[in-house]
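Using the numbering used here, the first residue of the sequence shown is number 3, and each one after it goes up by one.
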Amino acid sequence: MWTQQRVKKLSSATSLISVAVLVVIANYLGAKHYVQWDWTAGGLYTLSQRTELVLEQLDRPVRFVSFLVPEEELNPDAVEQIHVLLEAYRAANPGMVSVEIIDPRRDPARTRALLNEFDLDPLTDATDIVMVASGDRRKQVRLDEMLEYDEGGFGLPGGVKSLTAEAALTGAVVAVTRSRRPLVQYAVGHGERPMRGGEEGALGHFIEALEREDTEIVEWDALGAEAVPEGTDLVIVAGPSQPWLAPERDALGRYLESGGAALILLEPTFRRAGGGNLVPSGLEPVLKRWGLTPREDIVIDPAATVPLVGAETFFADISPDHPSTRNLGSRRALFTLARSIAMDDPPPEGVVLTALVSSTGEAWSEQDLDALSRRVERDDDEPRGPLPVVVAAERREGEEAGGTEPQGDEEEAGSRSGRGGRMIVAGDVDFLLNGSLDQLSNRALALNLAEWLLEGDRRLGIPPKERTLTRLFLTADQLYLELLPLLVLVIPLAAVAAGLGVWWRRRETGGSR
């Protein structure tokens with residue numbers, strides 16, 4: 003016979019089981035029909051319509067693997083915000099998008115397995131990345147690509163100013179799902195620096211980093227070439243020590259005019275005899291048509307020199323006023339024996355010129371190269387700093403001379419339609435060599451330059467998202483006449499009144515039995 007106690011126990015058990023079933027159903031529905039409300043002022047966690055369209059049109063699975071670890075000096079909540087954004091990517095198309103967030107400190111075994119899978123060496127490769135993969139295609143998105151920094155000032159510390167993560171991540175999704183890899187031709191035949199190899203004077207580490215960015219890189223024998231190979235997305239000319247001949251130069255010029263892209267690194271090569279003049283690269287006429295003239299000089303910057311090293315080795319300032327360097331936030335790169343690049347003012351019609359990396363204002367253009375073996379001093383006729391050592395040039399139809407870098411939607415990488423060519427000219431190749439690539443911000447700068455030339459700045463019209471820090475400012479009257487009475491009197495008295503009400507109700511209930 004069922005007693006009242008058994009009925010109560012059965013009722014309690016049934017209630018618990020019902021609650022558990024409801025929780026399971028709610029979790030299932032929540033996972034299958036993920037909904038997130040974004041209450042941030044800048045919409046940090048809301049995907050743009052362009053990103054949603056890219057994810058909706060996916061025809062192959064895309065995988066995100068985050069190796070990011072919060073660091074106190076980088077605002078740990080910024081990494082957490084990136085992880086929340088990744089979950090929004092998964093929720094937008096759960097059938098095609100997967101997300102895995104790894105903490106190398108808590109799960110070293112899984113971390114090692116993933117590093118091996120993606121051919122990453124934690125000793126030499128950056129691991130503060132989000133890896134975006136689709137099939138055998140993969141692309142790294144570095145932390146510095148997903149954040150914009152504020153250097154601070156007026157006694158205030160620097161920090162993360164805004165998130166560019168959505169633009170970088172969506173660009174990576176487009177990159178790993180496009181029909182083909184970008185094709186880079188590495189020019190040889192004129193005494194260029196070695197493309198492969200681990201010695202300090204080669205570009206092997208830079209080339210390997212580019213290849214991990216889902217890029218195909220091959221050598222191109224430019225000696226005697228009459229045209230740049232069909233389908234080329236970027237030409238790299240790394241420190242030629244012998245001049246390019248007119249037919250070869252003209253082939254590169256035609257390629258650029260047809261919408262091509264080139265990274266030209268002009269190492270100062272001294273003549274073996276006949277004075278201190280530099281060996282010409284042979285590319286000067288092509289550069290002049292773009293409004294650029296490499297000076298026959300060496301930049302001397304005593305205000306930014308490296309301790310215990312000569313003033314020809316200096317810390318150069320990276321400008322944040324260009325898509326290729328915007329996320330570097332006024333950082334510095336290390337340059338040695340760099341030439342300065344003179345920019346026409348105004349530039350040729352339709353050409354936009356931007357100084358990406360420059361010396362300080364205390365630098366000068368040392369043109370008496372024979373004097374480098376002794377103590378050098380600035381002559382009155384030598385140009386003073388800031389002196390550009392890396393310059394970006396872009397030709398666009400209908401662009402007025404001296405225009406600023408245009409913004410907006412870009413076409414997929416590999417297509418040169420709709421633009422008139424891009425070029426970055428540097429007066430130094432050393433900053434990309436194995437021995438210097440990991441100094442200061444050299445690696446980030448190098449990869450950013452290549453990304454922009456390969457149209458990696460196509461952010462699909464997705465702007466950075468400001469990280470707004472909301473502060474409450476109160477006057478003395480508001481603090482002492484309004485807020486203080488609320489905290490000291492109203493809230494405590496309300497709690498006391500609630501307690502008295504409960505006590506009175508129990509007293510009345512007990513008295514009625």
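From the three backbone atoms N, C-alpha and C, an ideal C-beta is built for every residue, glycine too. Values in this document were obtained by computation on a predicted structure and should not be read as measured data.
So the candidates are the options; which of them puts its Cα closest to the Cα of residue i?
i, options, result
"V393", "T511, D383, G203 and V359", "V359"
"F448", "P270, H207, Q59 and S260", "According to the sequence displayed, residue 448 carries Ala and not Phe. Among P270, H207, Q59 and S260, the Cα nearest to that of A448 is on H207."
"A365", "D347, L339 and V353", "L339"
"P63", "G191, E484 and R139", "R139"
"R397", "G437, T172 and V354", "V354"
"N436", "D430, G200 and E379", "G200"
"S367", "D299, N29 and R195", "D299"
"V132", "S68, L117, A189 and R182", "S68"
"S260", "R424, P249 and F120", "R424"
"E168", "D216, E213, E89 and G193", "E89"
"A177", "G191, V190, E215 and T166", "E215"
"P2", "D382, E351, L434 and A335", "The requested residue 2 is not part of the displayed model; the chain covers only 3 to 515."
"G226", "L122, A253 and E202", "A253"
"L165", "P350, G233 and V81", "V81"
"I320", "L125, R180, F337 and T172", "F337"
"F433", "F316, I493 and P385", "F316"
"A170", "L49, A211 and A248", "L49"
"T172", "I104, I84, L116 and G233", "I84"
"R107", "P196, L12, T129 and S100", "T129"
Where DSSP assigns a beta bridge to residue i, which residues make up the other side?
i, result
"A135", "R65 and R140"
"R334", "D319"
"V230", "Looking at the DSSP assignment, V230 forms no beta bridge with any residue, so it has no partner."
"S360", "D319 and P390"
"W366", "I302 and R386"
"F272", "L280"
"M425", "A264 and A395"
"V353", "R397"
"A189", "W222"
Give the DSSP-derived three-state secondary structure of residue i in the structure shown.
i, result
"A500", "helix"
"P309", "coil"
"R256", "helix"
"A224", "coil"
"W292", "coil"
"F433", "helix"
"W506", "helix"
"K11", "helix"
"L212", "helix"
"V99", "strand"
"I27", "helix"
"I343", "strand"
"L205", "coil"
"S164", "strand"
"V176", "helix"
"V21", "helix"
"V237", "strand"
"E314", "coil"
"L149", "strand"
"V490", "helix"
"W246", "coil"
"L2", "As displayed, the chain neither begins before 3 nor continues past 515, which places residue 2 out of reach and without an answer."
"R328", "helix"
"V71", "coil"
"T48", "coil"
"V378", "coil"
"L451", "helix"
"R198", "coil"
What do you reckon, are the CB atoms on residue i and residue j nearer than 8 angstroms?
i, j, result
"P184", "L371", "no"
"D323", "T356", "yes"
"Y257", "W222", "no"
"V143", "A94", "no"
"S243", "V301", "no"
"G533", "R297", "The question about residue 533 has no answer, for the chain in this structure spans 3 to 515."
"A224", "H192", "yes"
"G422", "P350", "no"
"P245", "G203", "no"
"T234", "G262", "yes"
"I104", "R92", "no"
"R65", "A135", "yes"
"L57", "V99", "yes"
"G429", "R341", "yes"
Can at least three beta-carbon pairs, one atom from the region 140-152 and one from the region 16-29, be found at a separation below 8 angstroms?
The region 140-152 vs the region 16-29: no contact.
Count the CB pairs spanning the region 222-242 and the region 263-271 that are closer than 8 angstroms, and state whether there are at least three.
The region 222-242 vs the region 263-271: in contact.
Any contact of the region 375-391 with the region 279-287, i.e. 3+ C-beta pairs under 8 angstroms?
No, because fewer than three Cβ pairs between the region 375-391 and the region 279-287 fall closer than 8 angstroms, the two stretches do not touch.
Three or more beta-carbon pairs under 8 angstroms between the region 428-443 and the region 344-354, yes or no?
Short answer: they don't touch.
Counting Cβ pairs, one atom from each stretch, are 3 or more of them under 8 angstroms apart for the region 304-311 and the region 320-333?
In short, these stretches do not touch, since the Cβ pair count stays below three.
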